[in-house]
Amino acid sequence: MMTLRFGLKTDMRDGKSDGTYWVESTGDTVFETAGAGFDSTRSAISLRLPSHVEVLILEGKLVLNGTGNSGNNTLTGNAGVNKLISAAGDDVLNGDRGSDRLEGGRGDDTLIVDTSRDVVVERANEGTDTVRSTFSYRLTSNLENLELRGTKNLTGTGNGLENVVTGNGGRGR
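Everything in the sequence shown is counted per the numbering used here, starting at 67 for the first residue and increasing by one.
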């Protein structure tokens, strides 16, 4: 596994192995080739995930946005308020701490919420999408599945679609 972290305005390339890129400025550029391992980018700025990189982790506490690419991605927010946007592929969006906006895209997405202030947006006919929640949750439009997590007594509520609601083992409804 290779980790690449440089200063300002750096071109980063990792050709053959799994790698982690650190992006700290708008001048940093990541170049990755198809089939060159499982790669992630840790970013201190808002970023669209580079082609052929699978994971984006936003760093710090600033308000940052992260956008996926055409692959199957995992996008994780930071301690600030984040907007995470799925592109194509079966993506996992996790706002982490903060009041976040998670926007699913084409593909079967999993959207992880940890506060009632998180907002989930999904458009019609863009896959079978799942919300994972650690608090009582009501599915909004265009979301098909709900998985409740944790040990608290929670309530999961579907919408007008054919929903699958999975409880967490608590004494919820």
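The beta-carbon is built from N, C-alpha and C at its ideal position, and this holds for glycine as well.
Computed from a predicted model, the values in this text were never measured in an experiment.
If only uninterrupted beta strand (DSSP E) runs of at least 3 residues are considered, those enclosed by the segment 122-167 are 130-133, 140-142, 148-151, 158-160. Here DSSP, grouped into helix, strand and coil, assigns Thr232 to strand. If you draw a straight line from the Cα of Arg215 to the Cα of Lys149, it is about 22 angstroms long. Burial of Glu120 is indicated by the presence of at least 16 other C-beta atoms within 10 angstroms of its C-beta. Excluding sequence positions up to five before and after Thr140, its CB lies within less than 6 angstroms of the CB of Val121, Val158, all in the same chain and listed in chain order. When the beta-carbon positions are compared, Thr194 and Thr176 stay at least 8 angstroms from each other. Here Glu210 is not near Val187, since their CB atoms are 8 angstroms or more apart. Secondary structure note for Asn211: its beta strand (DSSP E) is the uninterrupted segment 211-214.
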